[in-house]
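Residue numbers (this note's numbering), protein chains in the order written: chain A, 23 to 741; chain B, 1179 to 1966.
C-beta atoms are modelled at their ideal positions from N, C-alpha and C, and glycine is treated no differently.
Below is one structure, written out as structure tokens, with a few remarks after it.
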Amino acid sequence: IMCASAKYNTRGPALIPRMKTKHRIYYITLFSIVLLGLIATGMFQFWPHSIESASDWTVEKRSVHDVPVVKLPADSPIPERGDLSCRMHTCFDVYRCGFNPKNKIKVYIYSLKKYVDEYGTSVSNTISREYNELLTAISDSEFYTDDVNRACLFVPSIDVLNQNALRIKETAQALAQLSRWDRGTNHLLFNMLPGGPPDYNTALDVPRDRALLAGGGFSTWTYRQGYDVSIPVYSPLSGEVDLPERGPGPRRYFILSSQMALHPEYRSELEALQAENGESVLILDKCTNLSDGVPAVRKRCHKNLVFDYPQVLQESTFCVVLRGARLGQAVLSDVLQAGCVPVIIADSYILPFSEVLDWKRAAVVIPEEKMPEMYSILQSVPQRQIEEMQRQARWFWEAYFRSMKAIALATLQIINDRIYPYAAISYEEWNDPPAVKWSSVSNPLFLPLIPPQSQGFTAIVLTYDRVESLFRVITEVSKVPSLSKLLVVWNNQNKNPPEDSLWPKIRVPLKVVRTAENKLSNRFFPYDEIETEAVLAIDDDIIMLTSDELQFGYEVWREFPDRLVGYPGRLHLWDHEMNKWKYESEWTNEVSMVLTGAAFYHKYFNYLYTYKMPGDIKNWVDAHMNCEDIAMNFLVANVTGKSVIKVTPRKKFKCPECTAIDGLSLDQTHMVERSECINKFASVFGTMPLKVVEHRADPVLYKDDFPEKLKSFPNIGSL
Amino acid sequence: MQTRKKYIFLTFLASWLLLFSFGGHQLRRFAFFSGRKAEARRNWPRWTDRSLLKNFADPKELQSDGDPSLPSPRARRAARLSVYKNSRCRMETCFDFSRCEKHGFKVFTYPRERDQPLSESYGKILTSIERSRYYTPNPEEACLFILSIDTLDRDHLSGQYVRNVDEKIRSFPLWNGGRNHLIFNLYSGTWPNYTEDLGFDIGQAILAKASFYTESFRPGFDISIPLFSKDHPQRGGERGWLYQDSIQPKKKYLLVFKGKRYLTGIGSGTRNALHHIHNGKDIISLTTCKHGKDWEKHKDTRCDKDNVDYEKFDYQELLHNSTFCIVPRGRRLGSFRFLEALQAACIPVLLSDGWELPFAEAIDWGKAAVVGSERLLLQVPSAVRCIHPERVLAFQQQTQFLWDAYFSSVDKIVHTTLEIIKDRLLPHRSRSRFLWNTLPGGLLALPDFSTHPGDFPFYYLQRGSSPSEKFTAFIRAVSLTSSPSQPILRLIQAISGSQYCAQILVLWSCEKPPPPSGKWPQTAVPLTVIQGRRKLSDRFFPYTAIQTDAVLSLDEHTSLSTSEVDFAFVVWRSFPERIVGFPTRSHFWDAEQRRWGYTSKWTNELSIVLTAAAFYHRYLAGEGPAGRGARPHPAPPPCSLPRYYHNLFTEYLPAGLRELVDGLTACEDILMNVLVATVTKLPPIKVTQRKQHKETVPQQVGCKRGDVGTPPAGERSPSPPRSPPAKVKGTAGAAGSRRFSQRQDCLNQLVDWFGYMPLVSSQLRLDPVLFKDQVSVLRKKYPRLEKP
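Shown next as structure tokens:
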């Protein structure tokens, strides 16, 4: 199995078999042959090859004008036009990609050539700055391979970003003569400006047969869903202008239109909006009388007022992105960069990366016919949502629009996700801005399930050598109706557990697990013997909990299966004098942790504790022989974002015989150690995940004036 | 021995030396030295003149992408209408939005004709629509039309195939070329090609079809629905089979398949290969050749042995005990086993190339299924083995969520279809993918309320936010005196003393005008009196005035102290999606009467929190976001006629059910609890209360049914639990028992409407951490809760 995580068998076969001396000569001969073979291979295979490649590639300092010239005969083949019915399963050859442990497609880039027609006239500009950046990004990425035989996806170096800059037929011929063209199978073309006058097709007009198209202006009729990739039209201003992110909130204008060369019909509709709503709507146009030397692309005008572009975009809450001759507009990128919420008015336009990006979170799409209603539609967006959209817009720009590199990598990732869907990037990873990713919680047990009572729980007792006390715990716990199994973790390597016959006879299976090392983390190991979801961790000296208390604890856990449910609660506090966290075990009105001397929790957290504990906490706890319970509280609170549930009034695990614990708890050094643990864990987690609450769970009729014998859990209440 | 070792060692040494001396630096290129290979990788060159390269487009050209010579946008839109029709339909070219503007999204079903054959499934679909809140019997109001002709089975060999559909359709005056029509279909085409053709011209109608092939699917227009059997329940529906979450799912099998192997014909490519991955251990892939009449004609050498093995395993047993289930195409692309696997929490591994997955416009299948490729069948075992246990666990839970939210009944499938279409009408008021794919799902997160996840009580954790720190108290008053009654004055005083109270609203539900403002007490927080309709479910009508996430719902007779309110609110902030309150009731199954019972006795369990004193999120009975949001028009002046806002209570339920509540006294509590339990699948939360409510029969002055939500004394007195309440009449008068049986009826009617019993019982109560502990009251934060 080629899993990335799989452990490989490091023990190979024995290299040298046992042999008798008389075979010595035979072996010497054999080795000589092997040796000669090796030398021969070295000589004939690597030597010439390396010379050739060195001459080809060590010369890095080259100009794009030095690339080889390829002459295209007039009658060289032209690919088919492009098949609208293509989908991944019909036009894409997945066998080229194969199964690989990294789940990454391999992308090959054809080397740069200059194509000329029969008369020596060049077919297009060799390469644009943006396309060069894009190819450089691919080449630097994990997807890249220089081995054409191992490639799954091929990217021609023929630049088709702008259809107007190339000769359609000849470009198609150039594509067709690529060495692995094969009707365009697994070839990826990047195009941002498709179509040309007068009809402006919404997809690249260059015949391309089965090639995938990453296009910048698809309409719903030309976009092959699940095959093509819709990409943004890159705005060179992204690289030139530094617009610092502006905090979300209301802006000076409500609606802004900054596009030049709008169709007069659109412009008159916008002006009607302005007339109706006054100053909150700003409609800009190109400036007519700029002094020389001022770049027209960086200025916008309204009547006599001159505004800097794209800075002015930051002055508005919503920015209109209207279609032009094409559906995709570079202004979308500028608008997102400014953190202005785009209002997209371009019927049938497929938004950039719409396969993975949830545009409803960042933009408002309004049908062209509803333009007159734009103002009231936008008024209906709640202010809190606007603020999120502003942040989201900026995040989309930063992650997927800001550079050709971002565009290239997002495109490849989308194709990669289609080929390895089981390793695909999730919705949240694509869409959540870093701030949300950081503060949000995705509970691994998110489905609201109340586990059936009949399943019961498994009690795990960690013990070292207190056999007598252990046996009492076993006897006590076995009285709890819902106990289904008892597991004793024997943590003493120097002493054998008592013989079978000595153990208390109880009504449920009792298993003893011996450990290899005396470690506290053995208590939280996901033993195969645990067959129930619910685990009760209990120390070998906790004999004071009544059967009612334990059974009630289990019932509470069933209602909160993703939380730690325990008895004595503890609290963390911020010590203002020392500027650090402090552990508190006094009578408080709040709790944020429960002790795991006796606590119910989901078995899954054992798995997390053992395999997914952040940083070195697990080893640290084992080394210090303390704070495994605090670590567990941190872990659970961190993955679920939820508080613990303290059940019943119990404050301490106090019993007549076991003063040791109590003595320890009161010990000052103990408190200091526990406080240190909290500070240590908070720094490893990078945050304080613990949640403080003011409630505890009691039975419904607890302390009510009601006959005790009618209560389900009468025997609860001693502290 | 020694000599031999020496020889071997020397030989190796010599050979390596030689190799290095001849081709030392070339070795770097050798495949073994992958670490070094990266250096030698032939990357895209760094051109010396890269900074001189031209931009791909002139900046000016990029910014002014217009061409005045182009036809006007209006002309282009008009031209588009004639070009993009039928197979190229999109909402903007084939759907008449204007029909939906005046009356909103209303759905009309053609009247059923007597002699018209109607399959069971189509009957259920029509019933679902007629039960929904979008139904209208008036075609003038309708935005969407549903035929009464059964179009589910369009396989002309089938007994349920309806003939001459074209003719019939053409005779309908409303047909209009299929515009704004929705056609449901489960089976299209027939042997041998199973084409997508329905055998009649659907024109511009939206097609909701099972087994949709991507090529014939019109994106953003058609809807892919799952294939469901005629036994699929109308409403309610079975729950999923996942009762427990387990890590490293110790299921017996990793991957299973049991089904037909087609020897010839469409789909045989995949079905014929499935047996290759069978390993008899954790991967079970069983096929049988037995299907159709003449299977023996095509029989091959495997058939006999396969047929024997096939009988050894039970399909249901495999479903229950496997982590992954292969869901390959059959003759058509979709199959029943898709929903079966989903329900069984057996993660579907789809091998059905070109299948447009059910509701893919809304549902993110990547979170619940492995979308495999038919061509890569042999890679499936290793691919699923490599999926991390955490991801498997998430997948399993997601299958259950999706099953329960969108698939478990015909009602859900139909409503999901309608909601997806509704979302297209107003793109700016539609659900984001987040809302569709996060619990509790798109059918329960209504965009009419808000499109902002922060306005719902479900997503605080996922978004890393928390509910607002204040609440709005909402008191329903019915007394008819010209000055407020004593209890309500005390209540207002107590509430306004809470540090978390933002405002108090009094809903004055009598015909008489409310007392003048001078008669109300002076409070630290704003107090507003609104006059409402006199119906019982008034309380749940959201009023624009509520601006906090939390609502404290109260009756004028409720008696609460400030500490109780404070503590309950702090608890609510930990459970914002639930009802958190004081007096509780419970339900039970009355085996004798074979119906659900309702009890107000003191019991060890609770499943209903009375809304006479309860906190809940305003989405559950609140109102749209405040401020400039949510209102298409400027806010109405305060104290004008209340504007009803959308929320779960007012929007999710069809009018018929709301009428039921209005008609039955004191049903609102139960309805509210049932509704919230439907959404959360969790019990409500009871918090501690200083003492029981005052046990007096409230004054019955003025309004009829004056004492809403405050049951009479008889119901309150402590009596032993677990005895069927109907038998104990005790001190409750005739009015009390009538009210009681009404509540019981109401509960049973609601269960019938929802198709299952949503209420969940809890055995706990939340108390302050030091509640009744033997420690000085000075240390306690809520000492007043303990006073006798």
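In the DSSP assignment, no residue is bridged to residue 174/A. Counting only residues of its own chain and dropping the five nearest sequence neighbours on each side, residue 543/A has a CB closer than 8 angstroms to the CB of 631, 632, 640, 643, 644 and 650. If you check the CB distance, residue 1289/B and residue 1326/B come in under 9 angstroms. Relative to the Cα of residue 1752/B, the nearest Cα in the group 1413/B, 1770/B, 1533/B and 1862/B belongs to 1862/B. Out of 1413/B, 1653/B and 1399/B, the CA that lies nearest to the CA of residue 1590/B is found in 1413/B. Restricting attention to 249/A, 350/A and 330/A, the CA atom closest to the CA of residue 222/A is found in 350/A. For the segment 1261-1326 of chain B, the continuous alpha helix (DSSP H) assignments of 4+ residues that do not extend past its boundaries occur at 1269-1272 and 1298-1309, in sequence order. Under the DSSP definition of a beta bridge, residue 1437/B partners with 1465/B. In this structure the segment 290-299 of chain A does not touch the segment 1257-1272 of chain B; the number of beta carbon pairs closer than 8 angstroms is below three. Excluding its 5 nearest sequence neighbours in each direction, residue 96/A has C-beta neighbours in its own chain below 6 angstroms: 140, listed in chain order. A direct Cα-to-Cα measurement between residue 1279/B and residue 404/A gives close to 22 angstroms. The residues 627, 630, 631 and 635, in chain order, have a CB closer than 7 angstroms to that of residue 657/A in the same chain once the five nearest residues on each side in sequence are set aside. Nearest CB-CB separation between residue 1549/B and chain A: below the 9 angstroms threshold. Around the beta carbon of residue 647/A, fewer than 16 other beta carbons lie within 10 angstroms, which makes this residue exposed. The shortest CA-to-CA distance from residue 321/A to any of 108/A, 485/A and 263/A is the one to 263/A.
Neighbours of residue 604/A across chain B, judged by C-beta separation under 9 angstroms, do not exist; the nearest C-beta is about 18 angstroms away. Residues of chain B whose Cβ lies closer than 7 angstroms to the Cβ of residue 443/A are, in chain order, 1544, 1548 and 1549. For residue 1596/B, the uninterrupted alpha helix (DSSP H) run begins and ends at 1588-1603, by DSSP. Residue 575/A: member of the alpha helix (DSSP H) spanning 569-581, first to last residue. Close to residue 1268/B, with beta-carbon spacing below 8 angstroms, are these residues of chain A in chain order: 242, 243 and 370. The CB of residue 590/A never comes closer than 8 angstroms to any CB in chain B; the least such distance is about 11 angstroms.
Counting of Cβ neighbours within 10 angstroms places residue 124/A among the exposed residues, the total staying below 16.
Interface with chain B (9 angstroms Cβ-Cβ cutoff): residue 465/A is included. Identification of chain B residues near residue 414/A by a Cβ-Cβ cut-off of 8 angstroms yields none; the smallest Cβ-Cβ distance measures about 10 angstroms. Between the alpha carbons of residue 1254/B and residue 373/A lies a distance of about 20 angstroms. Close CB contacts of residue 545/A within its chain, under the 7 angstroms cut and outside five residues either way in sequence, are with 482, 484, 511, 559 and 650 (chain order).
Here residue 359/A is not near residue 317/A, since their CB atoms are 9 angstroms or more apart. CA-to-CA, the gap between residue 1344/B and residue 1361/B works out to about 13 angstroms. When the five nearest sequence neighbours on each side are left out, the beta carbons in the same chain lying within less than 8 angstroms of the beta carbon of residue 1487/B are those of 1464, in order along the chain. Fully enclosed beta strand (DSSP E) runs of no fewer than 3 residues occupy 129-131, 136-138 and 175-177 of the segment 128-205 of chain A, in order along the chain. When the Cα atoms are used, residue 268/A and residue 309/A turn out to be separated by approximately 26 angstroms.
Between the alpha carbons of residue 219/A and residue 111/A lies a distance of about 34 angstroms. The straight-line gap separating the alpha-carbon atoms of residue 235/A and residue 226/A is approximately 8 angstroms.
Residue 1346/B is positioned such that its CB atom lies no closer than 9 angstroms to that of residue 1363/B. Listed along chain A is no residue with a C-beta nearer than 7 angstroms to that of residue 1535/B; the closest approach is about 11 angstroms. Here residue 1335/B is exposed. Its C-beta has fewer than 16 other C-beta atoms within 10 Å.
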